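**Student:** I have a structure I would like to understand better, so I am pasting it below and will then ask my questions one at a time.
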Amino acid sequence: MATRDEQRQQLQPLHILFLPFFAPGHLIPVVDMATIFSARGARCTILTTPVNADIIRPAVDRANDSNCHGTDSPSPAVDISVVPFPDVGLPPGMENLISLTPAHGADYNFKFIQAAQLLREPFDRLIAANRPDAVVSDSFFRWSADAAGEHGVPRLVFLGSSVFARCCSETMLRTNPLETTTATTDDDPDDDAQLVSLPGLPHRVQLRRSQMMDPRKRPAMWAFHKDNDAADQRSFGEVFNSFHELEPDYVEHFRTTLGRRAWLVGPVALASKDMAKRGSTNNTKAHVTDDCLRWLDAKRAGSVVYVSFGTFTSFSPAELRELARGLDLSGKDFVWIISSGTGTDGSEWMPEGFAELMARGDRGIIIRDWAPQTLILNHPAMGGFMTHCGWNSALEAVSAGVPMVTWPRYADQFYNEKLIVDVLKVGVSIGAKDFASPLERHEVIGGEVIAGCIGRLMGSSEEGDALRKKAKDLSVKARSAMAKGGSSYDDVGRLMGELMARRSSGEVTRAASFGTPAD
52 MATRDEQRQQ
62 LQPLHILFLP
72 FFAPGHLIPV
82 VDMATIFSAR
92 GARCTILTTP
102 VNADIIRPAV
112 DRANDSNCHG
122 TDSPSPAVDI
132 SVVPFPDVGL
142 PPGMENLISL
152 TPAHGADYNF
162 KFIQAAQLLR
172 EPFDRLIAAN
182 RPDAVVSDSF
192 FRWSADAAGE
202 HGVPRLVFLG
212 SSVFARCCSE
222 TMLRTNPLET
232 TTATTDDDPD
242 DDAQLVSLPG
252 LPHRVQLRRS
262 QMMDPRKRPA
272 MWAFHKDNDA
282 ADQRSFGEVF
292 NSFHELEPDY
302 VEHFRTTLGR
312 RAWLVGPVAL
322 ASKDMAKRGS
332 TNNTKAHVTD
342 DCLRWLDAKR
352 AGSVVYVSFG
362 TFTSFSPAEL
372 RELARGLDLS
382 GKDFVWIISS
392 GTGTDGSEWM
402 PEGFAELMAR
412 GDRGIIIRDW
422 APQTLILNHP
432 AMGGFMTHCG
442 WNSALEAVSA
452 GVPMVTWPRY
462 ADQFYNEKLI
472 VDVLKVGVSI
482 GAKDFASPLE
492 RHEVIGGEVI
502 AGCIGRLMGS
512 SEEGDALRKK
522 AKDLSVKARS
532 AMAKGGSSYD
542 DVGRLMGELM
552 ARRSSGEVTR
562 AASFGTPAD
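Numbered according to our numbering, the sequence shown spans residues 52 to 570.
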């Protein structure tokens, strides 16, 4: 018979500790995910640093104000545990990658990774004091797999990528096809145009050598991802911001062929209680939302292309000039988001007549830094999205039923492009060829090419009609997945049920004991 203390413990809500990386694309979906789990009765704690706590606090407050946990407990359903940002030589207050510009150089990026490794001590203290039922931590915190295991707590990985991209990355790390592929042009193994196949996947997936992370050219990055992947495999499983109907073949591949446990709980952005403020790091920008929506309200349905490349993508003046030319040549109305530190001096990149075009205000608007992306994508005027293929952005477009022009730059973005264009068939590729960080040079794509891709996406053609229909169909499936009885709703319940069963049985977790597929 259970003791009184054991009975009292079983009545306590499930407690999940979240540890997100210091970047908007990692932080924001974790807050959405915590909102989802709290709405199902869990108590959620997000461990982060002071500046990052300030970034997410408005969203956390909105989640708690909605009383989504449905209890009379005086404790908030989602709370924030704040620890000092590790001293790694970064300027005071620089605690999030959003603060970085290309001018800071690669050394600052390295220091953020270094800071991530130094959070283990406060993590250990918090987990020992609170004994959560599970830890959901970013893949970049690879030490958290063993740290959680030492405390008998299951660690769930969250990287914020598609299942497709994770399958591609896993295949790349396990087989490194760059070493085994024979060059097709002049027998040159360094031929950037060489097509490389990723073996063993449900679909034929080929990329140019130049679109892939080459371990010979980026040995430190390769080693970093290898080490992270090894820790991920020692973990209890992985939580994905995706839904089963979007990539079913790759969910099956990840679980069965790769032998990894997975729960798909997205699109998590659909859990946001206030689309107008989602992702904002500045509460003073309400006028941006109002002005943008007022402008869109005056446009015909499906007539506007939205152009945004995420927080960290930077374009050279030459690239900006051709993008501006392409938007002008396309004849389509546009909303263009330009990130901080990019193209601040319009005289460096604006082609002749573009300043006058913008001054008229009827063809397009440019917004600096942040915009209400979820609201924009869901506006009836939206007809296409030109994107860097970051997974958060791609999934928000899928949820809104908006087809995409894909322009990947680095990280998992070329994999996501393959999913969007070749598998889901809801996008047109711009033809980007270079895997290169924001600190490196990219090929300049001509304005005529850009205009042509927008025309293919938004024009009255068989191709455009098919892209739009498929996008709308996926939007319906995305919303159904999150509704009660949907696939993502059920996966949340299955994961919470399994964690609660582990607590009831008194099962103790050890990091090395995982690695079998989820049911």
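Glycine is no exception: its CB is placed at the ideal position from the N, C-alpha and C atoms. Treat the numbers as computed from the prediction; the structure is a model and nothing was measured.
In three-state DSSP terms, what is L210?
**Tutor:** Reduced to three states, the DSSP call for L210 is coil.
**Student:** Nearest-angstrom Cα distance between L347 and R182?
**Tutor:** Straight-line Cα distance between these residues: approximately 49 angstroms.
**Student:** CA-CA distance, G557 and A185?
**Tutor:** If you take the alpha carbons of G557 and A185, they lie about 13 angstroms apart.
**Student:** From the DSSP output, which residues share a beta bridge with H66?
**Tutor:** DSSP lists R94 as partners of H66.
**Student:** In terms of alpha-carbon separation, which member of K383, D396, G435, R372 lies closest to F405?
**Tutor:** Of the listed residues, the one whose Cα sits closest to F405 is R372.
**Student:** Using 10 angstroms around the beta-carbon of G441, count the other beta-carbons present and answer buried if the total reaches 16, otherwise exposed.
**Tutor:** It is buried - the Cβ of G441 has at least 16 other Cβ atoms within 10 Å.
**Student:** Given 8 angstroms as the limit, is there contact between the region 279–298 and the region 480–488, that is, 3 or more CB pairs closer than that?
**Tutor:** No, the region 279–298 does not touch the region 480–488.
**Student:** My assumption, with CB atoms under 8 angstroms, is that Q80 sits in contact with N443. Please give the rounded CB distance.
**Tutor:** The residue you asked about is not Gln; residue 80 is Pro in the sequence shown. With a Cβ gap of about 6 angstroms, P80 and N443 count as contacting.
**Student:** Excluding sequence positions up to five away, which residues of its chain have a Cβ less than 6 angstroms from the Cβ of R530?
**Tutor:** None.
**Student:** Helix, strand or coil, according to DSSP, for T308 in the structure here?
**Tutor:** Here T308 sits in helix by DSSP.
**Student:** Relative to the C-alpha of A337, which residue among L426, L70, G310 is closest?
**Tutor:** Cα-wise, what sits closest to A337 is L426.
**Student:** Please list the terminal residues of the continuous alpha helix (DSSP H) segment that includes Y466.
**Tutor:** Start and end: 464–469.
**Student:** Do F69 and A93 have their C-beta atoms within less than 8 angstroms of each other?
**Tutor:** No, the pair does not count as a contact, with Cβ atoms beyond the cut-off.
**Student:** If contacts are defined as beta-carbon pairs under 8 angstroms, then V358 and V386 qualify, I think. What distance do you get, rounded to the angstrom?
**Tutor:** Indeed, because the Cβ distance is near 7 angstroms, the residues count as touching under 8 angstroms.
**Student:** Rounded to the nearest angstrom, what separates A451 and D341 at their Cα positions?
**Tutor:** Cα to Cα, the separation comes out at about 20 angstroms.
**Student:** Alpha carbon to alpha carbon, what distance is there between D197 and P454?
**Tutor:** Looking at the two C-alpha atoms, the distance is approximately 41 angstroms.
**Student:** Enumerated in chain order, which unbroken segments of the alpha helix (DSSP H) with a length of 4 residues or greater are wholly contained in the region 220–281?
**Tutor:** DSSP runs (the alpha helix (DSSP H)) wholly in the region 220–281: 228–231.
**Student:** Could you check the C-alpha separation between P143 and S150 for me, to the nearest Å?
**Tutor:** When rounded, the distance between both Cα atoms is 11 angstroms.
**Student:** From the DSSP output, in three-state form, read off S190 for me.
**Tutor:** S190: coil per DSSP, three-state reduction.
**Student:** For V204, does the three-state DSSP call read helix, strand or coil?
**Tutor:** Three-state DSSP puts V204 in coil, outside helix and strand.
**Student:** Tell me, please, which residues DSSP counts as bridged to T438.
**Tutor:** For T438, which the question treats as bridged, DSSP gives the partners S359, T457.
**Student:** Look at N115 and P101 and say whether their C-beta atoms are less than 8 angstroms apart.
**Tutor:** Going by C-beta atoms, N115 is not nearer than 8 angstroms to P101.
**Student:** Within 10 angstroms of the Cβ of D83, are there 16 or more other Cβ atoms? Answer buried if so, exposed if not.
**Tutor:** With 16 or more other Cβ atoms within 10 Å, it is buried.
**Student:** Between W458 and Q424, what straight-line distance do the alpha-carbon atoms span, to the nearest angstrom?
**Tutor:** Whole-angstrom Cα-Cα distance: 17 angstroms.
**Student:** Could you tell me whether the Cβ atoms of E12 and A322 are closer together than 8 angstroms?
**Tutor:** Nothing can be reported for residue 12: it is not among the residues displayed for the chain, which extend from 52 to 570.
**Student:** Determine the direct distance from the alpha carbon of S261 to that of E403, and round the result to whole angstroms.
**Tutor:** Taking the straight line joining both Cα atoms gives about 33 angstroms.
**Student:** Specify, as a first and last residue, the run of the alpha helix (DSSP H) that A322 falls within.
**Tutor:** Here A322 belongs to no alpha helix (DSSP H), and DSSP marks it neither H nor E.
**Student:** Excluding the 5 residues preceding and the 5 following D466 in the sequence, name in chain order all residues of the same chain whose CB lies nearer than 6 angstroms to its CB.
**Tutor:** Correcting the residue type first, residue 466 is Tyr in the shown sequence and not Asp. A216, C219, listed in sequence order.
**Student:** Does DSSP put E289 in a helix, in a strand, or in coil?
**Tutor:** E289 falls in the strand class under three-state DSSP.
**Student:** Classify A179: buried if its beta carbon has 16 or more other beta carbons within 10 angstroms, exposed otherwise.
**Tutor:** So A179 counts as exposed.
**Student:** In the DSSP assignment, the beta strand (DSSP E) including W314 goes from what residue to what residue?
**Tutor:** That run of the beta strand (DSSP E) goes 313–315.
**Student:** Rounded C-beta distance between M551 and Y540? I'm assuming under 8 angstroms.
**Tutor:** No, M551 and Y540 are not in contact; Cβ-Cβ is about 17 angstroms, not under 8 angstroms.
**Student:** Tell me the rounded alpha-carbon separation between N292 and P135.
**Tutor:** Their Cα atoms are separated by approximately 28 angstroms.
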